[in-house]
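Undergrad: Structure incoming, see below.
Chains as they are written, first to last, in this note's numbering: chain C, 3 to 417; chain R, 82 to 162.
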């Protein structure tokens, strides 16, 4: 049995006794791309470590490529993954959510009332929607104007609305300011809806009401819209009155400072923050997201708790599945070193993110990141987007690359 | 043997050099890299980095690493199954 003392922020010390007869336990709360990856890599790096994953959903529904599900190009089954193989790998998967955390006693209590001790805790709670963060957008409103920003029933709801919309209809989408999950996601969604409408309901159009003047992969998206869907997508940026100030789900209207837009199908990509357990654990700040040490992903606010994935303030790294996966691995390495009494090693993180503007037209953004002055910073000279000047063959190959990436990463995390 | 020392032994074998763990986000079954020749992989990465070898995404990524880092990553992946 080993005993360590951690200095808490208040200057107090808390005794820590490792769990059980030698085996230390790391608990991970949240089984998405970040949390499930961390669980697997902890187990791989330290096979005698007790690794416990808390995840209330028996099936994970992946967001990447779910915009293809919306337009009928992909079945929902392709997005679904169970935890069977993770469990078979020796990880204890408890079908419950973390309900409360005691960072001094180093315990987590699940919503089933089970209390678990931990040596280190990794929170990977993803995002929560800030209901009424956009006036008028509450949970009932999401039944009329889907967000579909967590894949599953919302994806199916929006898919049905698009199918039921008559030709000549108007799809309106509200897009929030940064930061939010999947920065290019709204524009990929607009592209694929345009692809669907062009084939099935060609008199229809899309209006994108954006709280930003610039967005991820902007030139590539706008080039694709012009080439593939001329006249179908109207993007209204912040300076042109794109910021939505209120939605009225009964009347299906979006209000901006400049006027009111009526929608036949209304989509709201809502303002977001870290999943609720982050606030309950005290690891999120006033921004709603979680400040972390860029080497270990340990919370800046509560020692012993690490935060990865969309919930973390990971500097220049966007909130993507690839990034959550890379962070899960880097965090697992740091946690194993810390448990072994070794100094953490400065990581390099990579992100690669594919967007699909049509089933045979894709492009990407990549970045390489390192800790610098306390934040994960993009390495200059590396990364960037696919070239603007590229033949259609390259766009076709990048759409294929994206599909292969999805198969590879989901196999690494879940299969 | 103290646990710390034991974990240290495991770590020296298991933990990849900085950057290497990100590779398998793309390189699984579709473009395998585990167990490939270290010198070949180092040369490929260096060619991606310089642009001598055209690529869709690897050039952008390889530019984030220096020669020693690319060598360490290639060597580590060569030793994986």
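All C-beta atoms in this analysis are idealised placements derived from N, C-alpha and C, irrespective of residue type, glycine included.
What did DSSP end up calling residue 144(R) once you bin it into helix, strand or coil?
TA: When DSSP states are grouped into helix, strand and coil, residue 144(R) belongs to the coil group.
Undergrad: Pull up the distance between the alpha-carbon of residue 342(C) and that of residue 157(C), whole angstroms please.
TA: One C-alpha to the other measures close to 43 Å.
Undergrad: Whole alpha helix (DSSP H) runs in the stretch 266 to 339 of chain C with 4 or more residues, listed along the chain?
TA: 278 to 283
Undergrad: Please name the residues in the stretch 53 to 74 of chain C whose beta-carbon is closer than 8 Å to at least one beta-carbon of chain R, in chain order.
TA: none
Undergrad: At the level of alpha carbons, what is the spacing between residue 108(R) and residue 393(C)?
TA: 25 Å
Undergrad: Pick from 37(C), 51(C), 35(C): whose alpha carbon is nearest that of residue 25(C)?
TA: 51(C)
Undergrad: Could you give the C-beta distance for residue 209(C) and residue 149(C), rounded to a whole number, given that I count them as a contact under 8 Å?
TA: By a beta-carbon distance limit of 8 Å, residue 209(C) does not contact residue 149(C). Their separation comes to about 17 Å.
Undergrad: Across the stretch 391 to 405 of chain C and the stretch 344 to 351 of chain C, are there enough close Cβ pairs to call them in contact, namely three or more that are closer than 8 Å?
TA: Verdict: no, contact absent.
Undergrad: Taking the Cβ atom as the reference point for each residue, do residue 164(C) and residue 360(C) lie within a distance shorter than 8 Å?
TA: no
Undergrad: Using a Cβ-based criterion (distance less than 7 Å to any ligand heavy atom), does residue 253(C) qualify as near the ligand NAD?
TA: No copy of the ligand NAD occurs in the structure displayed, which carries no ligand at all.
Undergrad: Residues in the same chain with beta-carbon distance under 6 Å from residue 236(C), minus the five sequence neighbours each way, listed in chain order, please.
TA: Excluding sequence neighbours, residue 236(C) sits near 209.
Undergrad: Chain C partners of residue 144(R), CB-CB under 7 Å?
TA: 383, 384
Undergrad: How would you call residue 289(C), buried or exposed, if buried means at least 16 neighbouring beta carbons within 10 angstroms?
TA: Counting the other CB atoms within 10 Å of its CB gives residue 289(C) a total below 16, which places it among the exposed residues.
Undergrad: Thinking just about the alpha-carbon of each residue, which of 403(C), 285(C), 365(C) is nearest to the one in residue 186(C)?
TA: 365(C)
Undergrad: Assuming residue 299(C) and residue 176(C) make a contact with CB atoms under 8 Å, what is their CB distance in whole Å?
TA: Residue 299(C) to residue 176(C), Cβ: 32 Å. No contact.
Undergrad: Can you find a CB in chain C that lies within less than 8 Å of the CB of residue 134(R)?
TA: no
Undergrad: Scan the stretch 332 to 351 of chain C for residues whose Cβ lies nearer than 7 Å to a Cβ of chain R and list them as they occur along the chain.
TA: 332, 335, 338, 339, 341, 342, 343, 344, 347, 348, 349, 350, 351
Undergrad: Which residue's Cα is closest to the Cα of residue 88(C): 66(C), 77(C), 76(C), 57(C)?
TA: 57(C)
Undergrad: So, does the stretch 248 to 255 of chain C touch the stretch 218 to 227 of chain C, judging by three or more C-beta pairs under 8 Å?
TA: no
Undergrad: Would you mind telling me which residues of chain C sit closer than 8 Å to residue 159(R), beta carbon to beta carbon, in chain order?
TA: Those within 8 Å of residue 159(R) in chain C number zero; the least Cβ separation is about 18 Å.
Undergrad: Exposed or buried, which one is residue 248(C) when buried takes at least 16 other CB atoms within 10 Å?
TA: exposed
Undergrad: Would residue 130(C) count as contacting chain R if we go by Cβ distances under 8 Å?
TA: no
Undergrad: Flag residue 375(C) as yes if its beta-carbon sits less than 8 Å from any beta-carbon of chain R, otherwise no.
TA: Answer no: the Cβ-Cβ gap between residue 375(C) and chain R never drops below 8 Å.
Undergrad: So for residue 101(R), helix, strand or coil by DSSP?
TA: In the three-state scheme derived from DSSP, where H, G and I count as helix and E and B as strand, residue 101(R) is classed as helix.
Undergrad: Output, in sequence order along the chain, the residues in the stretch 101 to 123 of chain R whose CB is closer than 8 Å to any CB in chain C.
TA: Per Cβ criterion, the list reads 102, 103, 104, 105, 106, 107, 108, 109, 110, 111, 112.
Undergrad: Going by beta carbon distance, what residues of the same chain come within less than 8 Å of residue 104(R), once the five residues before and after it are set aside?
TA: 114, 154, 158
Undergrad: Which runs of the alpha helix (DSSP H) spanning at least 4 residues fall entirely within the stretch 154 to 185 of chain C, listed in chain order?
TA: 155 to 166
Undergrad: Could you tell me which of 182(C), 336(C), 205(C) sits nearest to residue 312(C), measuring between CA atoms?
TA: 182(C)
Undergrad: Please check if any C-beta of chain C sits within less than 8 Å of the C-beta of residue 95(R).
TA: Chain C places a beta carbon closer than 8 Å to that of residue 95(R), counting this residue as a contact.
Undergrad: State yes or no: is the beta carbon of residue 262(C) nearer than 8 Å to at least one beta carbon in chain R?
TA: no
Undergrad: What are the boundary residues of the alpha helix (DSSP H) that includes residue 236(C)?
TA: Per DSSP, residue 236(C) belongs to no alpha helix (DSSP H); it is in the beta strand (DSSP E), 235 to 238.
Undergrad: Just verifying my parser: in three-state terms, what is the DSSP assignment at residue 118(C)?
TA: Strand.
Undergrad: Whole angstroms are fine: how far does the CA of residue 85(C) sit from the CA of residue 22(C)?
TA: Below a pLDDT of 50, predicted positions are generally treated as unreliable, and residue 22(C), at 41, falls in that range; no measurement from the model is reported.
Undergrad: Spell out the partners DSSP gives residue 264(C) in its beta bridges.
TA: 255(C)
Undergrad: Using a threshold of 8 Å, state whether the C-beta atoms of residue 324(C) and residue 411(C) are closer than that.
TA: yes
Undergrad: I'd like the ranges of any alpha helix (DSSP H) spanning at least 4 consecutive residues and lying wholly in the stretch 71 to 130 of chain C.
TA: 86 to 90
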